[in-house]
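Undergrad: Mind having a look at this structure? Questions to follow.
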Amino acid sequence: QHANWLNTLSNVAGKSLSILLAPVLAAYIAYAMADKPGLTPGFLGGLACVYVTKTAADGTVIVDGLGFLGGLITGMLVGYMMKLFKKYLVSQKMQGVLTWFVYPMLGSLISMCVILFVIGQPIALLINVIFSGLTTLQTSNLAALLGIIIGMMCVFDLGGPFNKVVWAFSFASFSQAFTGGQLTNPTLLVPYACFWAAGIGTGWTTALVTFIGRRFSNQYEKEAGKMAWILSSLGITEGAIPFALSDPFRVIPSFMLGGAVSGGLCAAFNLGSTITGGGFITMAGIQSTTGTVSIGVAILLWLIFAIIGCAISTSLLLGLKYIKTKPIIEKKVQTWTVNILSLGIVPVVKKQHLKKFKQLSSREQEQYLNHKQRKNNSKIER
Numbered sequence: 007q008h009a010n011w012l013n014t015l016s017n018v019a020g021k022s023l024s025i026l027l028a029p030v031l032a033a034y035i036a037y038a039m040a041d042k043p044g045l046t047p048g049f050l051g052g053l054a055c056v057y058v059t060k061t062a063a064d065g066t067v068i069v070d071g072l073g074f075l076g077g078l079i080t081g082m083l084v085g086y087m088m089k090l091f092k093k094y095l096v097s098q099k100m101q102g103v104l105t106w107f108v109y110p111m112l113g114s115l116i117s118m119c120v121i122l123f124v125i126g127q128p129i130a131l132l133i134n135v136i137f138s139g140l141t142t143l144q145t146s147n148l149a150a151l152l153g154i155i156i157g158m159m160c161v162f163d164l165g166g167p168f169n170k171v172v173w174a175f176s177f178a179s180f181s182q183a184f185t186g187g188q189l190t191n192p193t194l195l196v197p198y199a200c201f202w203a204a205g206i207g208t209g210w211t212t213a214l215v216t217f218i219g220r221r222f223s224n225q226y227e228k229e230a231g232k233m234a235w236i237l238s239s240l241g242i243t244e245g246a247i248p249f250a251l252s253d254p255f256r257v258i259p260s261f262m263l264g265g266a267v268s269g270g271l272c273a274a275f276n277l278g279s280t281i282t283g284g285g286f287i288t289m290a291g292i293q294s295t296t297g298t299v300s301i302g303v304a305i306l307l308w309l310i311f312a313i314i315g316c317a318i319s320t321s322l323l324l325g326l327k328y329i330k331t332k333p334i335i336e337k338k339v340q341t342w343t344v345n346i347l348s349l350g351i352v353p354v355v356k357k358q359h360l361k362k363f364k365q366l367s368s369r370e371q372e373q374y375l376n377h378k379q380r381k382n383n384s385k386i387e388r
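In this text, residue positions in the sequence shown follow this note's numbering: the first is 7, and each later residue adds one.
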């Protein structure tokens, strides 16, 4: 009885997360860009992402919704669209009608049509081509290259369509390794081990970067880092999504490089998994598909490869954040020290505010300093 209600709760939570991730994310991004008019179009556009599907030739569903990536694209699309509406579709007499009826209705219709009939299917088709390419690599005995691609795709969109495609491929490969409940083709176990060696590194990297590089992370990122390593260890890569959203152009490439190394090493050493769990659950089923090393050594190697990938991602991300953040802070503060102190105006960042200032992301710091600069420029003009 307990197992039944726990299973029910697990299914409800899992299905709700997979369905609501794209619409909630799209609505949040659209709201941040265009304020309240972006909420409804963003949510409905994100909901349309859930209904974009693609099936393989044998009827297997390989793309079931556009996930995190779809929500991100939809949110940005709706945000820019609603900003244009607010700028050009303006009427003082009809402002109430525009805000509460025209903006949400027109925006929702356009966003859903674009996702369902313009963007969704080409993306699904691309993912289908990728799935076929992975199958070709597997049959061509290019194990290391296959592991690299699996590792990169696993962490690219953190539970989104590319992640789902490579997971579906790994699971299909795993299923074909058994005949009548007996393991007949151990080589087909390799993709699943590669997938999770790369996947668990995202949460570890998030936690390490927010701990080691605290001055490069805002409070939002630090909170994400506290739980991300636990979630990824349990097989939930979505825990790193808040961290990736705050700085995607540095976070995602760092994840991909580490994932590629972990996946490539696992494939090169012929490590496979006989368990289809996630995270550390997978580790219990790790073995050498060629029988060259014992199970204990295979598990140790898999863990080492996952740690190596995590170390590479962490090092690269810290370096990228340092390169971007340090020059911006120093340049801005030094410029203000020269130009403002000579006029007898209080410096930009007061000593008592410096601690909070350092907790902001580089973008927030720049926005804060620009705001202060505009205020002081107006004082100088007066």
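Here a beta-carbon is modelled for each residue, glycine too, at the ideal position from N, C-alpha and C. All values reported here derive from a predicted model rather than from experimental measurement.
1. On the DSSP bridge list, what partners appear for aspartate 70?
2. For the region 224–234 against the region 158–174, do three or more pairs of beta-carbon atoms, one drawn from each stretch, fall closer than 8 Å, so that the two count as touching?
3. With DSSP run on the structure shown, which of helix, strand or coil describes isoleucine 25?
4. Where does arginine 156 land, buried or exposed, given buried means 16+ other C-beta within 10 angstroms?
5. Relative to the C-alpha of alanine 178, which residue among Lys60, Thr282, Cys316 and Ile35 is closest?
6. Report the rounded CA-to-CA distance for alanine 250 versus valine 257, giving the unit in angstroms.
7. Residue range of the beta strand (DSSP E) that serine 300 falls in?
8. Around the C-beta of lysine 42, are 16 or more other C-beta atoms found within 10 angstroms, so that it is buried, or is it exposed?
9. For the alpha helix (DSSP H) containing isoleucine 292, list its first residue and its last residue.
10. Does lysine 170 pass the burial test, meaning 16 or more other C-beta atoms within 10 Å, or should it be called exposed?
11. Taking the beta strand (DSSP E) that serine 97 falls in, what are its first and last residues?
12. Beta carbon of glutamine 293, beta carbon of leucine 152: below 9 Å?
13. What is the rounded straight-line gap between the Cα of threonine 288 and the Cα of leucine 122?
14. Are the Cβ atoms of threonine 80 and alanine 36 separated by less than 9 Å?
15. By Cβ distance below 6 Å, which residues in the same chain neighbour alanine 149 in space, the five residues on each side in sequence not counted?
16. If I measure Cβ to Cβ from aspartate 239 and keep anything under 7 Å in the same chain, skipping five residues before and after, which residues do I get?
17. Leucine 263 and isoleucine 314 look like a contact to me (Cβ under 8 Å); what is the Cβ gap, rounded to whole Å?
TA: This is what the structure holds:
1. Counting from 1 along the sequence shown, the entry for residue 70 is found at position 64. Under DSSP, the beta-bridge partners assigned to aspartate 70 are Thr59.
2. no
3. Locating residue 25 in the sequence shown gives position 19, counting from the first residue. Three-state DSSP puts isoleucine 25 in a helix.
4. In the sequence shown, the residue the question calls residue 156 occupies position 150. Rather than arginine, the amino acid found at residue 156 in this sequence is isoleucine. Its Cβ being crowded by 16 or more others within 10 Å, isoleucine 156 is buried.
5. Within the sequence shown, residue 178 is the residue found at index 172, counting from 1. Of the candidates Lys60, Thr282, Cys316 and Ile35, the one whose C-alpha sits nearest the C-alpha of alanine 178 is Thr282.
6. Residue numbering aside, residue 250 sits at position 244 when the sequence shown is read from its first letter. Residue numbering aside, residue 257 sits at position 251 when the sequence shown is read from its first letter. Cα-Cα distance, rounded: 5 Å.
7. The residue you call residue 300 lines up with position 294 of the sequence shown. Careful: serine 300 lies outside any beta strand (DSSP E) and carries neither H nor E.
8. Position 36 of the sequence shown, counting from 1, holds the residue named residue 42. So lysine 42 ends up on the exposed side.
9. Within the sequence shown, the letter at position 286 stands for residue 292. No alpha helix (DSSP H) holds isoleucine 292; the beta strand (DSSP E) holding it covers 292–294.
10. Start at 1 with the first residue of the sequence shown, and residue 170 comes out as number 164. Buried: at least 16 other Cβ atoms inside 10 Å.
11. For this step, residue 97 is matched to residue 91 along the sequence shown. Note, serine 97: premise wrong, no beta strand (DSSP E); not H, not E.
12. Indexing the sequence shown from 1 puts residue 293 at position 287. Indexing the sequence shown from 1 puts residue 152 at position 146. Going by C-beta atoms, glutamine 293 is not nearer than 9 Å to leucine 152.
13. Within the sequence shown, the letter at position 282 stands for residue 288. Within the sequence shown, the letter at position 116 stands for residue 122. If you take the alpha carbons of threonine 288 and leucine 122, they lie about 36 Å apart.
14. If you number the sequence shown from 1, residue 80 lands on position 74. If you number the sequence shown from 1, residue 36 lands on position 30. For the pair threonine 80 and alanine 36, the CB atoms are nearer than the 9 Å cut-off.
15. For the purposes of this step, residue 149 is identified with residue 143 of the sequence shown, where counting begins at 1. Only Ala273 meet the Cβ criterion.
16. Numbered from 1 along the sequence shown, position 233 holds the residue referred to as residue 239. For the record, residue 239 in the displayed sequence is serine; it is not aspartate. Once the five neighbours on either side are set aside, the close Cβ partners of serine 239 are Ile206, Gly209, Gly285 and Phe286.
17. Numbered from its first residue, the sequence shown carries residue 263 at position 257. Numbered from its first residue, the sequence shown carries residue 314 at position 308. About 11 Å; that fails the 8 Å criterion.
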